[in-house]
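Comments concern the structure below.
There are 2 protein chains.
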Amino acid sequence: MKSKFAKRAHFVKSSETREILKITERPEVISFAGGLPAPELFPLEALKDACNAVLNEEGAASLQYSTTEGYVPLREAINRRMKTVGINAAIGNILITSGSQQAIDLTGRLFIDEGDTIICESPTYLAAINTFKSYNANFVEVAMDEDGMVMEELEEQLQEHPNTKFIYTIPDFQNPTGRTLKLERRKRMIELANQYDVLIVEDNPYGAIRFAGEELPPVKHFDTEGRVIYLSTFSKIFTPGLRLGWICADQAFIDKYVTFKQTADLHTDSFAQRITAKYMELYDMEEHINKIKAVYKERCTAMLACIEEFFPKNLSYSKPEGGLFIWVELPEDVDATHIFTECLKNNVACVPGTPFFPNGTQTNTFRLNFSNMSIEKITEGMKRMGEVLYRELEKEKALL
Amino acid sequence: MKSKFAKRAHFVKSSETREILKITERPEVISFAGGLPAPELFPLEALKDACNAVLNEEGAASLQYSTTEGYVPLREAINRRMKTVGINAAIGNILITSGSQQAIDLTGRLFIDEGDTIICESPTYLAAINTFKSYNANFVEVAMDEDGMVMEELEEQLQEHPNTKFIYTIPDFQNPTGRTLKLERRKRMIELANQYDVLIVEDNPYGAIRFAGEELPPVKHFDTEGRVIYLSTFSKIFTPGLRLGWICADQAFIDKYVTFKQTADLHTDSFAQRITAKYMELYDMEEHINKIKAVYKERCTAMLACIEEFFPKNLSYSKPEGGLFIWVELPEDVDATHIFTECLKNNVACVPGTPFFPNGTQTNTFRLNFSNMSIEKITEGMKRMGEVLYRELEKEKALL
Numbered sequence: 001m002k003s004k005f006a007k008r009a010h011f012v013k014s015s016e017t018r019e020i021l022k023i024t025e026r027p028e029v030i031s032f033a034g035g036l037p038a039p040e041l042f043p044l045e046a047l048k049d050a051c052n053a054v055l056n057e058e059g060a061a062s063l064q065y066s067t068t069e070g071y072v073p074l075r076e077a078i079n080r081r082m083k084t085v086g087i088n089a090a091i092g093n094i095l096i097t098s099g100s101q102q103a104i105d106l107t108g109r110l111f112i113d114e115g116d117t118i119i120c121e122s123p124t125y126l127a128a129i130n131t132f133k134s135y136n137a138n139f140v141e142v143a144m145d146e147d148g149m150v151m152e153e154l155e156e157q158l159q160e161h162p163n164t165k166f167i168y169t170i171p172d173f174q175n176p177t178g179r180t181l182k183l184e185r186r187k188r189m190i191e192l193a194n195q196y197d198v199l200i201v202e203d204n205p206y207g208a209i210r211f212a213g214e215e216l217p218p219v220k221h222f223d224t225e226g227r228v229i230y231l232s233t234f235s236k237i238f239t240p241g242l243r244l245g246w247i248c249a250d251q252a253f254i255d256k257y258v259t260f261k262q263t264a265d266l267h268t269d270s271f272a273q274r275i276t277a278k279y280m281e282l283y284d285m286e287e288h289i290n291k292i293k294a295v296y297k298e299r300c301t302a303m304l305a306c307i308e309e310f311f312p313k314n315l316s317y318s319k320p321e322g323g324l325f326i327w328v329e330l331p332e333d334v335d336a337t338h339i340f341t342e343c344l345k346n347n348v349a350c351v352p353g354t355p356f357f358p359n360g361t362q363t364n365t366f367r368l369n370f371s372n373m374s375i376e377k378i379t380e381g382m383k384r385m386g387e388v389l390y391r392e393l394e395k396e397k398a399l400l
Numbered sequence: 001m002k003s004k005f006a007k008r009a010h011f012v013k014s015s016e017t018r019e020i021l022k023i024t025e026r027p028e029v030i031s032f033a034g035g036l037p038a039p040e041l042f043p044l045e046a047l048k049d050a051c052n053a054v055l056n057e058e059g060a061a062s063l064q065y066s067t068t069e070g071y072v073p074l075r076e077a078i079n080r081r082m083k084t085v086g087i088n089a090a091i092g093n094i095l096i097t098s099g100s101q102q103a104i105d106l107t108g109r110l111f112i113d114e115g116d117t118i119i120c121e122s123p124t125y126l127a128a129i130n131t132f133k134s135y136n137a138n139f140v141e142v143a144m145d146e147d148g149m150v151m152e153e154l155e156e157q158l159q160e161h162p163n164t165k166f167i168y169t170i171p172d173f174q175n176p177t178g179r180t181l182k183l184e185r186r187k188r189m190i191e192l193a194n195q196y197d198v199l200i201v202e203d204n205p206y207g208a209i210r211f212a213g214e215e216l217p218p219v220k221h222f223d224t225e226g227r228v229i230y231l232s233t234f235s236k237i238f239t240p241g242l243r244l245g246w247i248c249a250d251q252a253f254i255d256k257y258v259t260f261k262q263t264a265d266l267h268t269d270s271f272a273q274r275i276t277a278k279y280m281e282l283y284d285m286e287e288h289i290n291k292i293k294a295v296y297k298e299r300c301t302a303m304l305a306c307i308e309e310f311f312p313k314n315l316s317y318s319k320p321e322g323g324l325f326i327w328v329e330l331p332e333d334v335d336a337t338h339i340f341t342e343c344l345k346n347n348v349a350c351v352p353g354t355p356f357f358p359n360g361t362q363t364n365t366f367r368l369n370f371s372n373m374s375i376e377k378i379t380e381g382m383k384r385m386g387e388v389l390y391r392e393l394e395k396e397k398a399l400l
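Chains Y and U are the protein sequences, given in the same order.
Taking full-length UniProt numbering as reference, the numbering of the first sequence is continuous, increasing by one, and the terminal residue is 400.
Taking full-length UniProt numbering as reference, the numbering of the second sequence is continuous, increasing by one, and the terminal residue is 400.
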């Protein structure tokens, strides 16, 4: 049989992180590699109530085909939550998606023509890179500092790339760096988008998980021209298994998203939508999120203390005020993939950072996840990792 | 703001049937327009048990991120069911999708390059047309008779279109016609696919809902070279709201499908997968399907009797042995869209058939759904429709 695959099948590759996750699943490995929320915080009993209430009260409608746009009470509940962070959306501005991964994918489908430029933080979210690349986008990376994407460099790149379709940004507790875009830069990003007539895709899965510092309004809050497409999800504040995300955007965009969502999967799981809406009706979701924040804060604080205590001094790292991740930068000549391999021998795992750079340039970084491990495991795992880092960084020095 | 949409956004349109469904939702309308399964047959109490059992026994794992391929016990249960119809698949041959609509979409993504030809039945499933068109495919329609796609014409088209990527077929109780591909033609289709080196995409959502005639093995059963990609779903045998479908194909294809599914939505709802697997463990799904068959048989029989009794004689219609649909062909000069409009005035609805022809050529057909209406409503609705048809067909005659 002659090969039947479409051209695009040859340049989409399996997510490297997902492959790494498989390797790190051995029970003896303490893994900081994944990006999983803490499962012990999933509200199991409350969900049981929600399932029974939906099946008792709403019956067959909860299991029937439903509208592509999504379940109205869920969209309303989303709008009520978004209002508290400064986004005033109408029901027609919301499309429920099958996880925010689908929101990313539909964004690629709706906006990217072959050769379009996407400007993003360097590094950025791996699955967004893979998805946008499957639509043949070119990536232009803009440097970050601890306050997020550097606006001067963003402007330079906008000038240099007039075929830029959108800026892709994760302003809050970014994946993979844990960094947050500071307030003035949010405003400046909007000014630049208006000036250079580009869209902003604000991917905001972590914004609600702020456990330190001051609340910042999302980039969308400053949007005056309907240029910001805001993506978010229930995965980090409720459960990821139900695959519920949403897009908040100008209605003209949402209408087009809907036509693509029809071809993609008709609509998102009706039952998942209804049990989530029911949960928000019966229980206090903010209280639940506060529990998550408290636990993640402890774990993040513990991991940062371990870096101080167990890691060599000649590396830098982010100090996140929320989210799930810490980012570590090794001396320039150190290969993080080698560190990863050595760590694995010591039964501890991280994710090497290279795949998070769309153009694959930087090789001396890795990502640590703190949300999915007890403090005891964090302490033990970081100790193991520290031993590897001391040994390998010494070797590097000896080679110089 | 300059338009930001990708080129593909300009030729994907909202599904006409979905728009029609909105019009027909007025409570006074008896609608045969949709394709909904009978909600009164959804096993609500059993699902409640399944939800509680999953949350009690499997806990947080049922709500966490999970593998792209799908929940292993569900894939095993699918394989056990498929074995009974003559498909021997291994676990690596199965990918769980977010409804079989996603299976169709991923098939487009994986196989269709701009300008590729897809050969299909004339007419065929609307949402597959829209999806494959979004990947820039050309459609070549092959005529059907009451025994499905005509093999002589299929061979002619294969000869004429060497850039054919696949044959898209719905062999059992086809949507929209309700027709079934007869046994010898299934074998012949495989021979032709082998000879002309093309794939077959067998879309089989209705095969399990046979309520009359003899069981036929799926086309996939006769596949000797791994050319048949078999798509199916729990939507018609369980519930559509949970959005659970699957792809059964050669493992080399499944591996590539997985990379695209990662970009599309990471994985299908873990909880929906587990409650469906749990339902199949705790309850007898075949017994449930038998109930569906009994009810649909009654409704189909009633609707066919109504056509005999209330419709003019100068039209033809299919006599399905399963599935959800009957297809009506009016005299050639009658415009079914006009009939639809007139029916709506009489508070009864069908779906005009034109959008089911990928190249939009035939305008004198419509589709009737019998699964979603009581016998009383079927009788009343068909009476109303018969009145419209008699009146409008008389007018046509007067014009000649």
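Backbone N, C-alpha and C define an ideal beta-carbon position, used for all residues, glycine too.
These figures come from a predicted structure and were not determined experimentally.
Taking C-beta atoms under 8 Å as the contact rule, residue 247 (chain U) and residue 219 (chain U) fail to qualify, at a distance of about 15 Å. For residue 263 (chain Y), at least one C-beta of chain U is nearer than 8 Å to its own C-beta.
Rounded to whole angstroms, residue 139 (chain Y) and residue 332 (chain U) show a C-alpha spacing of 54 Å. Interface criterion met: the Cβ of residue 105 (chain U) is under 8 Å from a Cβ in chain Y. Between residue 195 (chain U) and chain Y, the shortest Cβ-Cβ separation is not below 8 Å. Close CB contacts of residue 274 (chain Y) within its chain, under the 7 Å cut and outside five residues either way in sequence, are with 54, 58, 62, 71 (chain order). Runs of the beta strand (DSSP E) spanning 3 or more residues and lying entirely within the segment 168–256 of chain U occur at 199–203, 228–233, 244–248, in chain order. Shown in chain order are the members of the segment 140–168 of chain U whose Cβ falls below 9 Å from a Cβ of chain Y: 165, 166.
For residue 322 (chain Y), the secondary structure class from DSSP, reduced to helix, strand or coil, is strand. Interface with chain Y (8 Å Cβ-Cβ cutoff): residue 206 (chain U) is excluded. Excluding residues up to 5 positions away in sequence, 242, 243, 244 lie with their Cβ nearer than 8 Å to the Cβ of residue 272 (chain Y) in the same chain. Burial check for residue 174 (chain Y): the Cβ neighbour count within 10 Å reaches 16 or more, so the residue is buried. For residue 352 (chain Y), the pairing in a beta bridge is given by DSSP as Y:366. At a cut-off of 8 Å, the C-beta of residue 260 (chain Y) has a neighbouring C-beta in chain U. Using beta-carbon distances, residue 52 (chain U) counts as an interface residue toward chain Y, with a partner under 8 Å. For residue 143 (chain Y), the enclosing beta strand (DSSP E) has its first and last residue at 138–145.
Taken residue by residue, none of the segment 365–395 of chain U has a beta-carbon sitting less than 8 Å from a beta-carbon on chain Y. Against chain U, a Cβ distance below 7 Å from residue 112 (chain Y) picks out 6. Cβ-Cβ distances below 6 Å link residue 153 (chain Y) to 142, 143 in the same chain, with the five nearest sequence neighbours on each side left out; the list follows chain order. Sequence-ordered contacts of the segment 231–245 of chain Y with chain U read 239, 240, 241, 242, 243 [C-beta pairs closer than 7 Å]. Assignment of residue 295 (chain U) by DSSP, reduced to helix, strand and coil, places it in the helix class. Taking a C-beta distance under 8 Å as the contact criterion, residue 112 (chain Y) and residue 168 (chain Y) do not qualify as a contact pair. The C-beta of residue 145 (chain Y) has fewer than 16 other C-beta atoms within 10 Å across all chains shown, which makes the residue exposed. The Cβ neighbour count for residue 10 (chain Y), taken over all protein chains shown within 10 Å, is under 16; the residue is labelled exposed. Looking from the CA of residue 22 (chain Y), the closest CA among Y:197, Y:95, Y:91, Y:349 belongs to Y:349. Buried is the label assigned to residue 227 (chain U), since at least 16 other Cβ atoms lie within 10 Å of its Cβ. By the Cβ-count criterion, residue 68 (chain Y) is buried, with 16 or more other Cβ atoms from all chains shown falling within 10 Å of its own Cβ.
In the structure shown, residue 12 (chain U) falls within a coil segment according to DSSP collapsed to helix, strand and coil.
In this chain, the beta strand (DSSP E) harbouring residue 96 (chain U) covers 94–98.
If one requires a minimum length of 3 residues, the beta strand (DSSP E) runs lying completely within the segment 105–138 of chain Y are 117–122, in chain order.
In this structure residue 369 (chain Y) is in contact with residue 35 (chain Y), their Cβ atoms being roughly 6 Å apart against a cut-off of 8 Å. Check the Cα spacing between residue 341 (chain Y) and each of Y:135, Y:40, Y:359, Y:366: the tightest is with Y:366.
For residue 225 (chain U), the C-beta contacts it makes with chain Y under 8 Å involve 1, in order along the chain. In terms of Cβ geometry, residue 95 (chain U) and residue 237 (chain U) do not form a close pair [threshold 8 Å]. When beta bridges are read from the DSSP output, residue 328 (chain U) appears opposite U:317, U:366. Under the three-state reduction of DSSP, residue 31 (chain U) is assigned to strand.
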